[in-house]
Amino acid sequence: MFLDRVEASPSLELVNLVLNMQARGEKVYSLAIGEPSFDTPREIVDAAYKAMVSGDVHYTSSYGTMEFRDAASRKVKAKNGIKGGVDNVVFITTKLAVYAALMAASQEPYEALIPDPGYFYSEPVVLSNGTPVYYRLNEDFSLNLDEIRRKMSDRTRVIIINSPSNPTGKVYSKSELAELYELCRERGVYIISDEAYEDIVYSRPNFSVGSLEDEPDLVVTLFSLSKSYSMTGWRAGYLVGSKRIVYLVNKLLENTMTCFPPFIQHAAAYALNHGDKFIEEFRREFAERRRIVYECLKDADRVHLNEAEGAFYVFPRLSIQKSSTQFARDLLQKHNVALLPGVSFGPSGEGHVRISYAGSVEVLEEALNRFKTFLRDYQ
Numbered sequence: 001m002f003l004d005r006v007e008a009s010p011s012l013e014l015v016n017l018v019l020n021m022q023a024r025g026e027k028v029y030s031l032a033i034g035e036p037s038f039d040t041p042r043e044i045v046d047a048a049y050k051a052m053v054s055g056d057v058h059y060t061s062s063y064g065t066m067e068f069r070d071a072a073s074r075k076v077k078a079k080n081g082i083k084g085g086v087d088n089v090v091f092i093t094t095k096l097a098v099y100a101a102l103m104a105a106s107q108e109p110y111e112a113l114i115p116d117p118g119y120f121y122s123e124p125v126v127l128s129n130g131t132p133v134y135y136r137l138n139e140d141f142s143l144n145l146d147e148i149r150r151k152m153s154d155r156t157r158v159i160i161i162n163s164p165s166n167p168t169g170k171v172y173s174k175s176e177l178a179e180l181y182e183l184c185r186e187r188g189v190y191i192i193s194d195e196a197y198e199d200i201v202y203s204r205p206n207f208s209v210g211s212l213e214d215e216p217d218l219v220v221t222l223f224s225l226s227k228s229y230s231m232t233g234w235r236a237g238y239l240v241g242s243k244r245i246v247y248l249v250n251k252l253l254e255n256t257m258t259c260f261p262p263f264i265q266h267a268a269a270y271a272l273n274h275g276d277k278f279i280e281e282f283r284r285e286f287a288e289r290r291r292i293v294y295e296c297l298k299d300a301d302r303v304h305l306n307e308a309e310g311a312f313y314v315f316p317r318l319s320i321q322k323s324s325t326q327f328a329r330d331l332l333q334k335h336n337v338a339l340l341p342g343v344s345f346g347p348s349g350e351g352h353v354r355i356s357y358a359g360s361v362e363v364l365e366e367a368l369n370r371f372k373t374f375l376r377d378y379q
């Protein structure tokens, strides 16, 4: 069957181990999940509630409500520098948007370049009948343009980038993104830019490569409200692209989802219009948790920390002999600390682990101390 070609989530084994331990009543200190510990701000929740009780509970356009698309188009113009209007926006969850954008931009057979290490993009490529081709990043996790040039072929239709990055925390510079854009423009290659963590930045602002176009064309930009407004369970996000890309994505939605709940879109529009204060509050808290990570691990034995400029992850290299998967399994079983093995994020992630500092400070501090203690004597 077709779906037999698709691999399960790379972190599934670890997640199942955690669930089994918790079912036995064991306490697990998780650094594995990329989910903010905060609840959604009450004002945003109230906006959804008011929409529901006022009767905004019926079908709506599969493109998204006009209220949301207008709010999103104004936001990306003012904040991201991306030109365009409501016809360049479709409401869609960001994970689904990766798949939908690949479907819209690709022609079979095709290849998609995906970052190594990077988020789990290979399976959406396979689902859309493409072939994923890894491009390795530089040692500091910046874009390796020479590597990208080498990996491009006549079948390359798409390159996926993710900045701020999950898992590395890297934020790409304007200059490297401009060079990438020129390369892709010359070759007619689409850029799918996953900017789910756009608001969680520390040392440099996020730059949207889509702002380099006079109007959306080869760049398809994906945005999420999950991290910026702590709305992970709402499944709220949006795609910005050319009118043709948006039209094709909508064809997929109207034949699968029909539409997303209008009251959620109303709350999402409220967040875009009124939520900057929440973004800054959350960013300050993540910055403090980031400081705790660096303070705790700066002198830790066998830990080589990278500089995380954004998101809420660090991706340290460990001086160990065993695989990152074995290390993560041993750490969980012996010290009840969960984190993700680096190889989950691509072949060059081997030897690394991903540490999330999105959870509470109490869990973070206890987990880091256990991690250090375990690593010191790990064989």
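Quick note: the sequence shown uses UniProt numbering, first residue 1, plus one each step. By construction, the Cβ of each residue, glycine as well, lies at the ideal position given by its N, Cα and C atoms.
- Message: Give me the residue from V353, R317, S73, T94 with the minimum Cα distance to N88.
- Response: Answer by Cα proximity: S73.
- Local Cβ density within 10 Å of M66, reported as buried at 16 or more and exposed below that: Residue burial is scored here from C-beta neighbours: M66 has fewer than 16 other C-beta atoms within 10 angstroms and is therefore classed as exposed.
- Query: DSSP puts I355 in a beta bridge; with which residues?
  - Reply: I355 is bridged by DSSP to V314.
- Curious, which full-length alpha helix (DSSP H) runs of at least 4 residues does the segment 272-348 contain? Qualifying alpha helix (DSSP H) stretches, in chain order: 276-297, 324-335.
- Alpha-carbon spacing of A300 relative to F327, whole angstroms: Whole-angstrom Cα-Cα distance: 16 Å.
- Query: Cβ of F263 within 8 Å of Cβ of A71?
  - Reply: It is not a contact, given that the beta carbons lie outside the stated cut-off.
- Message: Applying the 10 Å Cβ sphere with the 16-neighbour rule, what's the burial state of Y270?
- Response: Buried, by the Cβ-count rule.
- Task: Consult DSSP for A112 and reduce its assignment to one of helix, strand or coil.
- Result: Under the three-state reduction of DSSP, A112 is assigned to strand.
- Message: Between the alpha carbons of G81 and L225, how many angstroms are there, rounded?
- Response: For G81 and L225, the distance between alpha carbons rounds to 18 Å.
- In the structure shown, what three-state DSSP assignment does N162 receive? Note: N162 maps to strand in three-state DSSP.
- A267 versus L218: straight-line alpha-carbon distance, rounded: Whole-angstrom Cα-Cα distance: 30 Å.
- Task: Could you check the C-alpha separation between I148 and S173 for me, to the nearest Å?
- Result: The alpha-carbon atoms of I148 and S173 are separated by roughly 16 Å.
- Can you give the Cα-Cα distance for Q22 and V28, rounded to whole angstroms? Using only the alpha carbons, I get a separation of about 7 Å.
- Query: Taking Cβ positions, are A308 and G169 nearer each other than 8 Å?
  - Reply: Closer than 8 Å, so yes.
- Message: For S128, tell me which candidate among V158, Y135, S142, M152 has the shortest Cα-Cα distance.
- Response: Here the closest residue by C-alpha is V158.
- Message: Pop quiz: T232 and V189 are said to be a contact at Cβ under 8 Å. What is the actual Cβ separation, rounded to whole angstroms?
- Response: Contact flag wrong, Cβ pair sits at about 31 Å.
- Considering only C-alpha positions, which residue in the set L14, G349, L31 is nearest to R370? Comparing Cα positions, the closest option is L31.
- Quick one: using the 10 Å Cβ neighbour count with 16 as the cut-off for buried, is S9 buried or exposed? In this structure S9 is exposed. Its beta-carbon is surrounded by fewer than 16 other beta-carbon atoms within 10 angstroms.
- Message: Taking the straight line between their C-alpha atoms, what separation do you get for K77 and C259?
- Response: Using only the alpha carbons, I get a separation of about 25 Å.
- Task: Tell me whether K148 sits in a helix, a strand or coil according to DSSP, three-state version.
- Result: Residue identity differs from the one stated: residue 148 is Ile in this sequence, not Lys. Three-state result, I148: helix.
- Query: Pick from E295, E111, I160: whose alpha carbon is nearest that of K95?
  - Reply: Measuring from the Cα of K95, the nearest candidate turns out to be I160.
- Using the rule of at least 16 other Cβ atoms within 10 Å of the residue's Cβ for burial, across every protein chain shown, is E198 buried or exposed? The residue in question, E198, is buried, as its Cβ has 16 or more Cβ neighbours within 10 Å.
- Tell me, which residues are paired with Y135 by DSSP? Within the DSSP secondary-structure output, Y135 pairs in a beta bridge with P115.
- Message: Three Cβ pairs or more, each shorter than 8 Å: is that satisfied between the segment 97-108 and the segment 124-139?
- Response: Segments in contact, yes.
- R291 versus G55 - alpha carbon distance: Between R291 and G55, the alpha-carbon positions lie close to 45 Å from each other.
- Message: Rounded to the nearest angstrom, what separates V303 and P115 at their Cα positions?
- Response: Each residue's alpha carbon lies about 23 Å from the other.
- Specify the secondary structure class of I264 as computed by DSSP and reduced to three states. Looking at I264 - three-state DSSP - the assignment turns out to be helix.
- Task: Determine the DSSP secondary structure at G85, reduced to helix, strand or coil.
- Result: The DSSP-derived three-state label of G85 is coil.
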